[in-house]
DNA sequence: CTGAAAGCGCTAACAA
DNA sequence: TTGTTAGCGCTTTCAG
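Residue numbers (the numbering used here), protein chains in the order written: chain V, 6 to 374; chain D, 6 to 374.
Below, the structure written as structure tokens:
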């Protein structure tokens, strides 16, 4: 027997790797690699041979090996609050589309508002070595964001509190949206407006909450503290809180909810109590999820463009990944909001119609039955 | 200058890899590897040192390297139809939970019923070298499934047509669910029942369609072909088709929809036409998505447990991954369905109440207003 | 039971 | 421009 110090790792199955392609195309593996990565310096004739071989062999580059050696996984992480809240699937869809178009894979995780799960989300991002993370949640524990930025992972998040230097913030223009909603109700004649917030320990909930308070002040409407209710962004929460609100002696005539799911729960409670919408009670949502339009009556709501949000997040992330710490892009981006008037808002009953004509309604969406 | 044939790859940053851990714990890298992988033969004292070092250094193993050398990515692929149909997020949530609990990451992609996107889904799965794929969609192009099984990727899918030998099929018990729905309506006194199917080129839609037809036959109810409508699983589709149905001279008194989104669209059309539910028209959905309960009135529907589906899929996949072609698990699994009676179904108007007492209603969920 | 060393498939120096 | 080759960080023989 000749020389055979040690049996090399058995490799029976005829490997299908870059070498096979190189052999088939009669070039070196480096050339194959360059061709695949569209390095311009490759001779067109050679490139053609390589592509032909790839085609014939049905070769797919090994992403793991690529990631290992290049240090870039080509995965973008996306952390959301709760995938079962319809707003997030819509966001995810947009995010995926943008990311895939740019050649990235997506790792989606959800926090479910649970600190333990948040930690798990971050851990999974780090383990899989994502190239960047978008944290598009209603709030997250700050230390976790730090963990991410300590790992030097590019970060984008929605208006979380203190601005981390390495991260870009996406600011939703709650102020404007809430203002439009309140204004809309006020113009209709509502003076007794309730607000159903999200959990107030979350910064984004606070933003909406204070936006509401400020609007009321600005308009000069008295605010009954009993009408400032803290919800939890869920259907159940909205329903339960509204049921409680309906027990009050002094009832508001309208309610603005800080997301559509609560608003739908609220509608359920109102209708369940035998009241009519909008005749007895007006309801305004926030998000404009797709199903909002299919409620009965269709939900008037404040649209926050998840397309803008997703596109913004991906764009920022990608530009961070390209810029080798050169031209730092803006470290904040504003996401606009827009009032979509449908049919859950109307003139409060027992109102003398001496108010402004409802000219602003015609501007927005309004379905004719 | 001593010997330096070629500048080795520059490595300024003090690497944080298995070697660092090994050095810190004063063991070999092999021992660190074994410790991490919980190989029982490691000396407990050593293992303890290793874990301590890992802790101190905040070491996270490199998943890519692991995958590269072991050939297992520890990623499970999940292909769904459309992430914006609420049924899928619920499914995804369950799937994720199961998979993560077993130490797998998830790669989610959605087909949007578009052949091009389906192909992209499959390509992405192959590129990322997922260890297994669950195709939980309403139909997919057969060649794509073949592509997956050609790559020897373990596969699970919902009742698609020809049984691929390498794949496991999850069969939803549509027959039973539809039967319960029709039976429920019949017991209430409905004899003119419409059916809103999914796109009939999809096998799963056909299953539900034929189940409906069979039930009607079995019960002995005449079936007006004009009441057999083909929808597309969407809110818009449901609404539009229902609007058309309402133009008919001969109207049914109830409609069974093959998913909840269509049913909600249908409800919208009915209520929009000024009719009442269930007084003028009864509606039954399919899926029991979370929001179904919060419609007004709450939607009577046929529940298909997405928990069972997800759990089944993950379990099958994982067992396939363990069994090195030994004990092949069952190649089919049945997912049960269950009628959930809420408030969109009632006695058709103008019906003489000479029917069976509605004893079956009390068994199921029913909210008291 | 532990350690040394051979690669996994690829990219990126560097040499030609 | 193309080819040669040294690793990326890890698992896994195989020898001790």
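Glycine included, every Cβ here is placed at the ideal spot set by N, Cα and C. Keep in mind it's a predicted model, so treat the numbers as computed, not measured.
Contacts that residue i makes with chain D (C-beta to C-beta distance below 7 Å)
{"i": "residue 131(V)", "result": "65"}
{"i": "residue 273(V)", "result": "299, 301"}
{"i": "residue 314(V)", "result": "Within 7 Å Cβ-Cβ: nothing; residue 314(V) doesn't reach chain D, min ~15 Å."}
{"i": "residue 276(V)", "result": "301"}
{"i": "residue 248(V)", "result": "By Cβ distance, chain D contributes nothing, its closest Cβ being about 12 Å from residue 248(V), past 7 Å."}
{"i": "residue 146(V)", "result": "Going along chain D, no residue has its Cβ under 7 Å from residue 146(V), so there is no contact; the nearest lies around 18 Å."}
Chain-ordered chain D contacts of residue i [CB-CB under 8 Å]
{"i": "residue 68(V)", "result": "132, 133, 134"}
{"i": "residue 270(V)", "result": "299"}
{"i": "residue 150(V)", "result": "None at all; the shortest Cβ gap to chain D is about 16 Å."}
{"i": "residue 81(V)", "result": "Going along chain D, no residue has its Cβ under 8 Å from residue 81(V), so there is no contact; the nearest lies around 13 Å."}
Residue range of the beta strand (DSSP E) that includes residue i
{"i": "residue 137(D)", "result": "137 to 141"}
{"i": "residue 82(V)", "result": "80 to 85"}
{"i": "residue 308(V)", "result": "305 to 309"}
{"i": "residue 292(V)", "result": "287 to 292"}
{"i": "residue 38(D)", "result": "Per DSSP, residue 38(D) belongs to no beta strand (DSSP E); it is in the alpha helix (DSSP H), 34 to 41."}
Under 8 Å by beta carbon: chain V residues contacting residue i
{"i": "residue 306(D)", "result": "Within 8 Å Cβ-Cβ: nothing; residue 306(D) doesn't reach chain V, min ~15 Å."}
{"i": "residue 72(D)", "result": "69"}
{"i": "residue 78(D)", "result": "69"}
{"i": "residue 251(D)", "result": "None at all; the shortest Cβ gap to chain V is about 13 Å."}
Residue i - partner residues in DSSP beta bridges
{"i": "residue 340(V)", "result": "177(V)"}
{"i": "residue 262(V)", "result": "201(V)"}
{"i": "residue 115(D)", "result": "85(D)"}
{"i": "residue 172(V)", "result": "160(V)"}
{"i": "residue 235(D)", "result": "202(D)"}
Contacts of residue i in chain D (Cβ-Cβ under 9 Å)
{"i": "residue 4(V)", "result": "Given a span of 6 to 374 for chain V in the structure shown, any question on residue 4(V) remains unanswerable."}
{"i": "residue 98(V)", "result": "87, 88, 89, 115, 117"}
{"i": "residue 240(V)", "result": "295, 296, 298, 299"}
{"i": "residue 61(V)", "result": "Those do not exist, as residue 61(V) stays about 15 Å from chain D at its closest Cβ, beyond 9 Å."}
{"i": "residue 160(V)", "result": "Result: empty, since nearest Cβ-Cβ is about 17 Å, beyond 9 Å."}
{"i": "residue 141(V)", "result": "Chain D residues near residue 141(V): none, gap ~15 Å exceeds 9 Å."}
{"i": "residue 322(V)", "result": "Per Cβ cutoff of 9 Å: no residues; residue 322(V) is ~19 Å from chain D at best."}
Per-residue burial, residue i [other beta carbons within 10 Å of its own, 16 or more giving buried]
{"i": "residue 20(V)", "result": "exposed"}
{"i": "residue 94(V)", "result": "buried"}
{"i": "residue 106(D)", "result": "exposed"}
{"i": "residue 75(D)", "result": "exposed"}
{"i": "residue 185(V)", "result": "buried"}
{"i": "residue 270(D)", "result": "buried"}
{"i": "residue 290(D)", "result": "buried"}
{"i": "residue 279(D)", "result": "exposed"}
{"i": "residue 355(V)", "result": "exposed"}
{"i": "residue 157(D)", "result": "exposed"}
{"i": "residue 161(D)", "result": "buried"}
{"i": "residue 155(V)", "result": "exposed"}
{"i": "residue 12(V)", "result": "Note on residue 12(V): pLDDT 42, under 50, position unreliable in the model; the coordinate value appears next. Under this definition residue 12(V) is an exposed residue."}
{"i": "residue 373(V)", "result": "Note that residue 373(V) has pLDDT 33, beneath the 50 cutoff, so the model's placement of it is unreliable and the number below is only indicative. With fewer than 16 Cβ atoms within 10 Å of its Cβ, residue 373(V) is classed as exposed."}
{"i": "residue 249(D)", "result": "exposed"}
{"i": "residue 205(V)", "result": "exposed"}
{"i": "residue 254(V)", "result": "exposed"}
{"i": "residue 194(V)", "result": "buried"}
{"i": "residue 45(D)", "result": "exposed"}
Contact set between residue i and chain V, taken where Cβ atoms lie within less than 7 Å
{"i": "residue 94(D)", "result": "88, 89, 94"}
Span of the alpha helix (DSSP H), counted from its first residue to its last, around residue i
{"i": "residue 243(V)", "result": "240 to 250"}
{"i": "residue 68(V)", "result": "68 to 75"}
{"i": "residue 29(D)", "result": "23 to 30"}
{"i": "residue 220(D)", "result": "208 to 224"}
{"i": "residue 298(D)", "result": "Counting along the chain, residue 298(D) falls outside any alpha helix (DSSP H), and DSSP gives it neither H nor E."}
{"i": "residue 346(V)", "result": "From DSSP, residue 346(V) is part of no alpha helix (DSSP H); its letter is neither H nor E."}
{"i": "residue 121(D)", "result": "120 to 132"}
Integer-rounded CB distance, given that residue j should sit under 8 Å from residue i
{"i": "residue 340(V)", "j": "residue 309(V)", "result": "6 Å"}
{"i": "residue 203(V)", "j": "residue 238(V)", "result": "5 Å"}
{"i": "residue 275(D)", "j": "residue 247(D)", "result": "6 Å"}
{"i": "residue 262(D)", "j": "residue 201(D)", "result": "4 Å"}
{"i": "residue 151(V)", "j": "residue 123(V)", "result": "Actually they are not in contact, since the Cβ atoms of residue 151(V) and residue 123(V) sit about 13 Å apart, beyond 8 Å."}
{"i": "residue 226(D)", "j": "residue 196(D)", "result": "6 Å"}
{"i": "residue 336(D)", "j": "residue 174(D)", "result": "7 Å"}
Listed by chain order, chain V residues near residue i by CB distance under 9 Å
{"i": "residue 244(D)", "result": "299"}
{"i": "residue 343(D)", "result": "Under the 9 Å cutoff, chain V gives no residues; its nearest Cβ is about 20 Å from residue 343(D)."}
{"i": "residue 223(D)", "result": "Those do not exist, as residue 223(D) stays about 33 Å from chain V at its closest Cβ, beyond 9 Å."}
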